[in-house]
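Heads up, the sequence shown is in the working numbering, so the first residue is 138 and it goes up one at a time.
Only one structure is covered here, and it is reproduced in the block below.
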Amino acid sequence: MGKGMICVGAIAGAFGTAGEIRLKSFCANPADIGTYGPLYSEDGAETYDITVGPAVKGGFAARIKGVHDRTRAEMLRGTRLYVVRDTLPGLPDDTFYISDMIGLTVFDTGGAMLGRIRAVQDYGAGNILEVQRKGAGDLLLPFTTEVIPTVDLDAGRVVANPPEGVIQAMKLPDRPSRAQPAGQPCTTGLTFSTLPHRGATMTDGPKSRKPGHITGQAAGPPLADVWAVRVITLFPDAFPGTLGLSLTGKALSDGLWQLHTTDLRRFGRGRHRSVDDRPAGGGAGMILRPDVVAAALEQVATPFPRRVWPVVCLSPRGRPFTQATARRWAQGRGLTLLCGRFEGVDERVLQDCQVEEVSLGDFVLTGGEIAAQALIDATVRLIPHVLGKHESTEEESFSNGLLEYPQYTRPGIWNGRAIPEVLLSGHHARIADWRTNQAKRLTRERRPDLWRAHTRTNPEEDQER
Ligand code: SAH
């Protein structure tokens, strides 16, 4: 790879029959790949004049000048597409191209060398520097003005001022990361993301902090047009969890949505960063303190009104989460979730910060993290292009107020049980009828509450059996 070349995308194969390709973008804002003019092969020898079309599953449909048939398009599968670093647009003072950050040497404020930036971690929001140390484990440092007061690209150095405890706390977790391995700075989607360095220019000193208020990972401004979720939790390691797998995981790395976690512990008070205290009026367990929670909420605040960016505390006492909630949230700009632990959260901060309480169901979990993942999953799959076929969210349970009908697949006879004949009849109207009737039957039997709501809007079905 030529020095100064940055990989911004790849050709994922032919798309359709007329020579179009499926284009995978590695840019922070995927559509940006169409804005850099011609793209180059790794060695710079080939030029690709690409017109980017609509977003499709796995990227964009795109056309390459001179490619007119499927065979030719398919031959380009796997081709990585590059831009010349120096032709990239300039960035605001406090924002960097991730590829420029990789390889910089990290010093502490006393001038001692800590290591080298080998990657920028992005569990959804791209704000953690992964620093490789000689003879010691990797360090993860939040990319904020407090922790990284100075970035000097010309000198190839960064000054780090990790808050006490962070070195231990931020040790590289034992999990597969989507970081970029050293030496192959162009292999993942992170290469080309830009890195907001919140609230300061490159050479600013650390900003003053409120006492007891350690700002760790800055959430940074939400990227335009990408649905984003910000999770406040005592267990950031629980994320992305299952959200990092399969369709939601792929959509996350494709930039269709963003996930940002904030460790509530960072806002804790005193030497032990304590976040909770005993319940007023007595009783078992501990309650999360309002001042601690408010500080975290303030840190992840967005400019959007609650209507399009709800701020939600997971709680068994909350309004039940339903498919309708997921639909409403998916249509907004994003969501902030506060995961409770212990006995819950001081009531005053919920009122003061207009936090609504939402419940996953009528049972009690030990913490809000699993509930948060369930809510995020249900919401993210409704974001356009996250699921393959759009129909798949239209006919499923709850979408029309009924449970889904039973489903079958091959083999035709299994363990002596046959697939209902009508499904094999090829008669679409009869199949649709059968499915509707089954959906009604199941709803009536299993969910009288849903059935009552259904018959309220369709009174003629009340007598049906
Ligand atoms: N004392 C509380 C239960 C606390 S459980 C009560 O009786 O209502 C601890 C945390 O787990 C809660 O603060 C909440 O964030 C989370 N949690 C537990 N059950 C939940 C549910 N059904 N839905 C959403 N969050 C839940």
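Glycine included, each C-beta is placed from N, C-alpha and C at the ideal position.
Quick caveat: nothing in here was measured; it's all calculated off a predicted structure.
Contact test: residue i Cβ vs the ligand SAH heavy atom, cutoff 7 angstroms
| i | result |
| --- | --- |
| R478 | yes |
| S411 | no |
| A508 | yes |
| T516 | no |
| G481 | yes |
| G563 | no |
| R222 | no |
| L587 | no |
| F376 | no |
| P453 | yes |
| V429 | no |
| S529 | no |
| T503 | yes |
| L497 | yes |
| F500 | yes |
C-beta contact flag for residue i and residue j at 8 angstroms
| i | j | result |
| --- | --- | --- |
| G153 | R222 | no |
| M423 | R410 | no |
| R465 | V429 | no |
| A149 | G196 | yes |
| S452 | E484 | no |
| V437 | R367 | yes |
| P543 | V486 | no |
| L393 | I520 | yes |
| K271 | G252 | yes |
| V189 | L213 | no |
| V284 | V243 | no |
| T273 | T216 | Going by the sequence as given, residue 273 is Ala instead of Thr. Contact: no. |
| L434 | I369 | yes |
| Y185 | I201 | yes |
| V517 | T385 | yes |
| Q460 | S536 | yes |
| L497 | F441 | no |
| A365 | G471 | yes |
Exposure label - residue i; buried when at least 16 CB within 10 Å
| i | result |
| --- | --- |
| S162 | buried |
| D599 | exposed |
| G248 | exposed |
| S562 | exposed |
| Q354 | Low local confidence applies: a pLDDT of 37 at Q354 is under 50, so the model's placement there is unreliable, and no value is given. |
| G477 | buried |
| V145 | buried |
| E597 | exposed |
| P447 | buried |
| W588 | buried |
| V482 | buried |
| S236 | buried |
| G203 | exposed |
| P318 | In this predicted model, P318 has a pLDDT of only 32, less than 50, meaning its place in the structure is not dependable; the value taken from the coordinates is given anyway. Counting Cβ neighbours within 10 Å, P318 comes out exposed, since fewer than 16 surround it. |
| M250 | exposed |
| A151 | buried |
| H397 | buried |
| D570 | exposed |
| L228 | exposed |
| R346 | For R346, the pLDDT reaches just 25, beneath the cut-off of 50, and the residue's location in the model is therefore unreliable, leaving the point undetermined. |
| Y545 | exposed |
| R408 | exposed |
| T503 | exposed |
| I550 | exposed |
| Q395 | buried |
| V220 | buried |
| T325 | Here the model assigns T325 a pLDDT of 26, short of 50, so the residue's position is not dependable, and the following value carries that caveat. That one is buried. |
| P299 | buried |
| T473 | buried |
| E532 | exposed |
Among the options, the one whose alpha carbon lies nearest that of residue i
| i | options | result |
| --- | --- | --- |
| T287 | T246, I369, K387, A199 | T246 |
| V363 | L213, A467, D289, R408 | A467 |
| L539 | R518, R593, L502 | R593 |
| L524 | L389, L276, I143 | L389 |
| F372 | R255, V243, A509 | A509 |
| L425 | Q491, L475, A463 | L475 |
| L218 | P175, N574, I254 | P175 |
| I143 | Y173, Q488, Q460, A168 | Y173 |
| A168 | A432, A199, G181, S178 | A199 |
| L579 | E541, R454, N298 | E541 |
| T232 | D275, T282, A192 | T282 |
| C450 | V492, D413, D391 | V492 |
Chain D contact for residue i (CB, 8 angstroms cutoff)
| i | result |
| --- | --- |
| T379 | Going by chain labels, chain D is absent from the structure shown, which holds only one protein chain. |
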